[in-house]
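K.L.:
Taking my numbering, the leading residue of the sequence shown gets 1268, the next gets one more, and so forth.
Ideal Cβ placement from N, Cα and C applies to all residues, glycine included.
Note that the structure is predicted; figures quoted are calculated from it, not measured.
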Amino acid sequence: MRIFKKKGNDNLAGTTNEFSFDGFTLNPAVGELSSNTQSIKLTATETSLMVLFIEHKDKLVSKKELMTFLWANGAFIDKDAIEDDISRLRHKLGQVGLKDRIKTVPMRGYKLVTNR
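1. Is it a yes or a no for the segment 1367–1380 touching the segment 1296–1315, going by three-plus beta-carbon pairs under 8 Å?
2. Alpha carbon to alpha carbon, how far is F1336 from V1363?
3. Of the choices E1332, R1357 and L1356, whose alpha-carbon is the least far from that of R1345?
4. Within the same chain, show all residues whose beta-carbon is closer than 8 Å to that of H1323, passing over the 5 residues directly before and after it, in chain order.
5. Assuming G1298 contacts L1316 (C-beta within less than 8 Å), just tell me the rounded distance between them.
6. Just to confirm the assignment, what range does the alpha helix (DSSP H) spanning V1318 have?
7. Could you give the first and the last residue of the continuous alpha helix (DSSP H) run that contains T1292?
8. Tell me S1306's beta-bridge partners as DSSP assigns them.
9. Rounded to whole angstroms, what is the Cα-Cα separation between L1360 and T1314?
10. Kindly indicate the opening and closing residues of the alpha helix (DSSP H) around G1361.
And the structure:
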């Protein structure tokens, strides 16, 4: 079982910590992103990515930061795998009306764009 970590290495798995943005709530313990009307299940890696993006919403997250964060959570991942995971995450976000929320910043990384 993968353990999700917040900054400061606080474990998220098995806790009631939730993360919110734009009317959606991410529950890392069950890997679910939901609003009042819809929800999607996320893989462990997709959930970890969403935790990091929500914690840094509207700020650039470098590819190096992504790799370091995912490796710290037990995922053995490379640059190509991150791009694949982000592509799948973007597709799932599009299913709940959050299309184009993860923006690519060429040669630098990614960021989650919110309505604030």
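P.N.:
Let me lay it out:
1. The segment 1367–1380 is not in contact with the segment 1296–1315.
2. Counting only the Cα atoms, V1363 lies some 26 Å from F1336.
3. Residue identity check: residue 1345 is Asp in the sequence provided, not Arg. Of the listed residues, the one whose Cα sits closest to D1345 is E1332.
4. The residues are K1378 and L1379.
5. About 11 Å; that fails the 8 Å criterion.
6. Start and end: A1311 to E1322.
7. Looking at the DSSP string, T1292 is not in any alpha helix (DSSP H); the run it does join, the beta strand (DSSP E), is F1291 to N1294.
8. DSSP, once it has assigned bridges, lists S1301 as partnering S1306.
9. C-alpha separation (whole angstroms): 12 Å.
10. G1361 -> alpha helix (DSSP H) spans K1346 to Q1362.
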